[in-house]
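Peer 1: Sharing a structure, written as structure tokens. Questions coming.
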Amino acid sequence: MTTIRNQLYFGLAVLTLGGTAAYVQIQTARGALQLLKKPLPIRKPLVDMNRDAMMPYRVMREDRLSAEIVENLGTQEYINWVLQETGPRDAKPIHFSVTYYTGVQDQVPHVPEECMFQGGMTQESDTTLTLKLPRLGREVQVRRLSFNTPRQLGQRAYVYYTICVNGAFYGDRQLVRLKMANPTESHLYYSKVEISLDGSGVDNPTRFDEQAAEVFDRALTELFKSHWPPPGSERGGMAAPGSGAASS
307 MTTIRNQLYF GLAVLTLGGT AAYVQIQTAR GALQLLKKPL PIRKPLVDMN
357 RDAMMPYRVM REDRLSAEIV ENLGTQEYIN WVLQETGPRD AKPIHFSVTY
407 YTGVQDQVPH VPEECMFQGG MTQESDTTLT LKLPRLGREV QVRRLSFNTP
457 RQLGQRAYVY YTICVNGAFY GDRQLVRLKM ANPTESHLYY SKVEISLDGS
507 GVDNPTRFDE QAAEVFDRAL TELFKSHWPP PGSERGGMAA PGSGAASS
């Protein structure tokens, strides 16, 4: 019975793949599908991001990366800030970074669950959150991870990130790849926004979630306003300045 079922599943898979391939061929011939994506240049360099848009989180430090790290990063478009909330005396520093990619095929940004492990840290938890962001006016999927630091007993790092692909947000690289492969979109950009805070095992992660949501809300709103391509650019490209026509 199992053999028959497996053969049936295999047959269905072949039919599905064959049908999909035929559909892709037909739609590509009609010009309805785009498998090789064109670039969407960023509208304004990330290094020129308006710092006042992050208030009450003040930019305390801006770190520029070495040429070797930038090469490994795979993009020149990035910011790496240290933020701190104004007012509370016990406000913890918040590490905030954004990277932007376009014109690069089959590449997904480095993610903390790999980078932190390579740095000798042990992953403690992994949760996917849906954050409501009132300024942005939408919900965003965010990945939250916590890591233990072997050299600092009792210390824990909390990392939040989301990857924006053509205006949609994902906390999972497989979903990112599926979105990137959307054959109905002719152009592609993707941008990772990441926040990290240092805490301990006794800290309440709910407060960290609230802070992360506040920072994401301000940052994503500003990125859409001034930096990322406008919605709809993924189909046909951005409109040329002074015209209503999209540029390819």
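Each residue of the sequence shown is one higher than the one before, starting from 307 at the first, in this note's numbering. A virtual CB, placed ideally from N, CA and C, is assigned to each residue, including glycine.
(1) Going by DSSP, what residue range makes up the alpha helix (DSSP H) through P528?
(2) Identify whether M360 lies in helix, strand or coil by the three-state DSSP scheme.
(3) Could you tell me which whole beta strand (DSSP E) segments of length 3 or greater appear in the segment 474-503?
(4) Please work out which residues of its chain come closer than 7 Å, Cβ to Cβ, to L437, disregarding the five sequence neighbours upstream and downstream, and give them in chain order.
(5) Just how far apart, CA to CA, sit L503 and H401?
(6) Measure the C-alpha to C-alpha separation of P362 and K498 and round it to an integer number of angstroms.
(7) Between which two residues does the beta strand (DSSP E) harbouring A463 extend?
(8) Which value, in whole angstroms, describes the spacing of the CA atoms of T455 and Y464?
(9) Skipping 5 residues on each side, what residues in its chain have a beta carbon closer than 8 Å to that of A397?
(10) Going by other Cβ atoms of all chains shown within 10 Å of its Cβ, with 16 needed for buried, is P296 buried or exposed?
(11) Quick one: what does DSSP say V446 is sitting in, helix, strand or coil?
(12) Take the Cβ of R367 as the centre, count every other Cβ of all protein chains shown within 10 Å, and call the residue buried at 16 or more, exposed below.
(13) When you compare the CB positions of E528 and A359, do they come within less than 8 Å of one another, or not?
(14) So, are the CB atoms of G585 and R462 less than 8 Å apart?
(15) I need the straight-line Cα distance from E374 to D509, nearest angstrom please.
(16) Can you tell me whether V365 is helix, strand or coil according to DSSP?
(17) Assuming H533 and I348 make a contact with CB atoms under 8 Å, what is their CB distance in whole Å?
(18) Check the DSSP bridge columns for L435 and list the partner residues they point to.
(19) Determine the closest residue to G477 out of V417, P511 and E540, with distance taken between C-alpha atoms.
(20) Quick check on DSSP: helix, strand or coil for I385?
Peer 2: The relevant details are as follows:
(1) Looking at the sequence provided, one finds Glu at residue 528 rather than Pro. Counting along the chain, the alpha helix (DSSP H) containing E528 begins and ends at P511 to S532.
(2) helix
(3) 474-476
(4) E445, V446, V448, A519 and F522
(5) 6 Å
(6) 22 Å
(7) Q461 to V471
(8) 11 Å
(9) Q390 and E391
(10) The question about residue 296 has no answer here: the residues shown for the chain are numbered 307 through 554.
(11) strand
(12) exposed
(13) yes
(14) Examination of residue 585 is not possible in this model, given that the chain is present from 307 through 554 alone.
(15) 35 Å
(16) strand
(17) 6 Å
(18) V448
(19) V417
(20) strand
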